[in-house]
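Residues in the sequence shown are numbered consecutively from 81, following this note's numbering. Idealized CB from N, CA, C, for every residue including glycine. Beneath this line is the structure, given in structure tokens, with notes to follow.
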Amino acid sequence: MHPLLSATTLPLIGEVDLSGSILLVFFICLLAVVCFEFVNGFHDTANAVATVIYTKALKPVYAIPWSGFFNFLGVFLGGVAVAMGILKLLPLDDMMALPVGVGACMVLAVLLAAIVWNLGTWYLGIPCSSSHTMIGAMIGASIGFTWYYHGSGVNWSKAGDIGLSLIISPLIGFGVAYLLLKFLKNVVKADALFHIPKGEDDRPPILIRLLLITTCTLVSFFHGSNDGQKGVGLLMLILIAFVPAKFAVNHGVSNDKILLSLNKTEQVISKATSTDPATQGTLLKLDSSIEKTKTLLTSTNPKDTAKTYKFRKQIKSVLKGIGAVSESKKITLSAGDKATLAAATADFTNLTDFAPVWVILIISCSLGLGTMIGWKRIVVTIGEKIGNEHLNYAQGATAEIVAAATIGLSTWAGLPVSTTHVLSSGIAGSMAASGGTNNLNNGTLKSIAMAWILTLPVAIILSLLFFMFFHLFI
81 MHPLLSATTL PLIGEVDLSG SILLVFFICL LAVVCFEFVN GFHDTANAVA
131 TVIYTKALKP VYAIPWSGFF NFLGVFLGGV AVAMGILKLL PLDDMMALPV
181 GVGACMVLAV LLAAIVWNLG TWYLGIPCSS SHTMIGAMIG ASIGFTWYYH
231 GSGVNWSKAG DIGLSLIISP LIGFGVAYLL LKFLKNVVKA DALFHIPKGE
281 DDRPPILIRL LLITTCTLVS FFHGSNDGQK GVGLLMLILI AFVPAKFAVN
331 HGVSNDKILL SLNKTEQVIS KATSTDPATQ GTLLKLDSSI EKTKTLLTST
381 NPKDTAKTYK FRKQIKSVLK GIGAVSESKK ITLSAGDKAT LAAATADFTN
431 LTDFAPVWVI LIISCSLGLG TMIGWKRIVV TIGEKIGNEH LNYAQGATAE
481 IVAAATIGLS TWAGLPVSTT HVLSSGIAGS MAASGGTNNL NNGTLKSIAM
531 AWILTLPVAI ILSLLFFMFF HLFI
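In structure tokens:
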């Protein structure tokens with residue numbers, strides 16, 4: 081045991097070998113991620129309630145708690161695919177092999193860079209993307225890590241996938257909202273949909289009101305299921321950085337279950353046939369990985385970082401081998417064998433890509449509570465400043481239908497998107513469909529576009545500088 085570390089028992093986590101300054105930094109990081117998700121709540125979720133508030137479908141006193149509750153549900157029920165996808169940006173395996181202080185530097189750099197930029201843009205009332213901010217911060221910290229420690233560095237392949245989803249989603253939001261409003265205007269032709277409310281008592285008819293509340297609910301839920309997972313990913317990053325032996329592998333999965341999946345995979349490999357020497361080598365390599373994993377299985381220990389780290393790497397080796405076998409066109413597999421490999425992949429993935437229920441609950445509460453505070457600045461921008469006219473019912477519903485669908489599909493695909501940019505572009509698309517480009521507020525759109533362009537490089541630079549600064553103290 082390191083001389084500066086000693087056993088400390090923490091609620092929910094159990095016994096950890098942290099003390100003194102490292103334990104203090106651990107608590108600071110936990111507080112920071114809760115603050116980040118709280119800020120995310122009033123920064124991003126304001127987008128979901130802007131339309132129902134400005135169309136008078138719901139008063140703020142009802143809209144905000146309603147949205148907060150469905151954000152909570154979205155995080156709690158949305159799974160962890162997006163969270164784990166974001167974590168794959170970082171060189172986690174290299175980080176776990178180094179002292180805890182290095183992981184602390186990375187975590188602090190990511191969190192502080194994200195919070196600083198989010199708060200700054202919120203204060204100015206600019207709908208900036210928390211997704212862009214956090215991803216930029218992770219890339220910056222990873223660059224700093226590689227600078228000092230070399231290793232694999234940023235996962236540029238994953239960064240490319242995420243970057244593409246962040247770029248395409250606002251374009252989809254604008255285009256689909258534009259077409260949907262044109263459809264409502266020229267085919268449905270319901271005049272009540274295009275009414276612009278005037279005064280507090282000018283409320284929409286009941287059916288339109290229900291439509292607007294439903295779309296707000298869906299955006300809130302899917303925002304939680306996508307953006308909320310980013311907080312889950314950050315909290316898991318902290319736990320993996322500070323207590324890797326406990327959280328690098330899901331110790332809640334029994335050895336018997338792992339062994340059963342390994343045996344089933346081994347049986348499939350023994351039946352698989354191929355006349356190609358290269359694919360035969362692929363089968364042998366997977367078989368060897370399975371045997372090594374069985375050997376390590378009995379020695380896994382939530383108190384032993386080295387053994388846990390080794391077991392995690394071996395599980396990833398098995399997953400890589402299964403992927404190679406499943407994708408090979410030269411290896412003959414029956415439909416049942418393919419299903420067995422798919423089930424084994426899910427079981428092994430659950431060993432490395434997971435989040436405890438209490439982690440999801442903490443993030444759910446932080447996002448839900450954050451929604452209820454500080455929402456007004458962003459709501460004013462969304463409701464009044466993107467277009468040159470007040471938001472009508474059709475524009476509000478159109479933008480939120482498109483946003484909910486885009487965010488929901490992205491969550492299903494395990495990709496993060498920006499609720500801010502999808503909804504803002506949806507509002508812009510609906511405004512353009514109503515009155516052409518002259519109906520858009522160029523000043524506001526330029527501010528949003530500038531924040532969209534600047535967020536990634538600024539977050540990268542901030543996080544890199546923070547990492548270099550904190551690194552001076554280890």
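Per DSSP, residue 367 is one residue of the alpha helix (DSSP H) stretching across 357-377. The stretch 382-394 and the stretch 325-334 touch, with three or more beta-carbon pairs separated by less than 8 Å. A Cβ-Cβ contact shorter than 8 Å links residue 276 with residue 470. With a contact defined as Cβ atoms closer than 8 Å, residue 169 and residue 215 qualify at about 7 Å.
Three or more pairs of CB atoms, one per stretch, sit closer than 8 Å, so the stretch 355-372 contacts the stretch 403-412.
Between residue 260 and residue 481, the C-beta gap is smaller than 8 Å, which places the two residues in contact. By alpha-carbon distance to residue 221, the top candidate from 294, 249, 268, 175 is 175.
If you check the CB distance, residue 498 and residue 209 come in under 8 Å. Spatial neighbours of residue 398 in its own chain (CB-CB distance under 8 Å, excluding positions within 5 residues in sequence) are listed in chain order as 342, 345, 366, 369, 370, 373, 428.
Annotation: the stretch 480-525 contains the following complete segments of the alpha helix (DSSP H) (minimum length 4 residues), in chain order: 499-515. The stretch 224-234 and the stretch 479-494 do not touch, with fewer than 3 CB-CB distances between them shorter than 8 Å. Cβ contact annotation for residue 98 (same chain, cutoff 7 Å, sequence separation greater than five): 85, 88, 106, 322, in chain order. Between the beta-carbon of residue 535 and that of residue 212 there is about 4 Å, and that keeps the pair under the 8 Å contact cut.
Selection 474, 539, 529 evaluated against residue 257 yields 474 as nearest (Cα-Cα). As the crow flies, the alpha-carbon of residue 413 is around 13 Å from that of residue 359. By the Cβ rule, the stretch 237-256 does not count as touching the stretch 182-199, because fewer than three pairs are nearer than 8 Å. Within the stretch 140-218, the complete alpha helix (DSSP H) segments at least 4 residues long are 140-157, 161-167, 172-176, 180-203, listed from N- to C-terminus. In this structure, residue 242 sits near residue 495, with a CB-CB distance shorter than 8 Å. Around the beta carbon of residue 310, 16 or more other beta carbons sit within 10 angstroms, so the residue counts as buried. A direct Cα-Cα distance of roughly 15 Å separates residue 120 from residue 163. Under the DSSP assignment, residue 97 falls in the beta strand (DSSP E) whose first and last residues are 94-97.
Apart from the 5 residues on each side of it in sequence, residue 113 sits with its Cβ closer than 7 Å to the Cβ of 191, 311, 314, 315, 318 in its chain, given in chain order. In the same chain as residue 411, and ignoring 5 residues on each side of it, the C-beta atoms closer than 8 Å to its own belong to 352, 353, 354, 359, 362, 363, 405, in chain order.
Between residue 254 and residue 505 a beta carbon distance of about 4 Å is seen, short of the 8 Å cut, so the two are scored as contacting.
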